[in-house]
Ligand SMILES: [Zn+2]
């Protein structure tokens with residue numbers, strides 16, 4: 237897997253912690269986005285990921301660990 241750097245333009249959905257590249261979250265449709273987040277997380281197999289369960293993630297994708 238290629239290393240991914242955090243870009244300043246990347247925003248995260250405050251509702252589901254998904255990394256969003258557009259104006260709204262593709263997962264939950266929220267426009268409640270934050271640029272202040274830490275902990276880049278790639279969930280590939282949510283069913284077998286403890287952290288995905290903890291964060292109630294059921295879709296594979298890119299997420300942030302903490303969103304302010
Ligand atoms: Zn969302």
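In our numbering, the protein residues as written are 237 to 304. Built from N, CA and C at the ideal position, the CB exists for glycine as well.
- Residue pairing by DSSP places residue 278 opposite 298 in a beta bridge.
- Of the candidates 258, 285 and 270, 270 places its Cα closest to the Cα of residue 300.
- Residue pairing by DSSP places residue 254 opposite 299 in a beta bridge.
- Within the DSSP secondary-structure output, residue 247 pairs in a beta bridge with 256.
- Using a cutoff of 6 angstroms, the CB of residue 267 does not count as near ligand 1, since none of the ligand's heavy atoms is closer than that.
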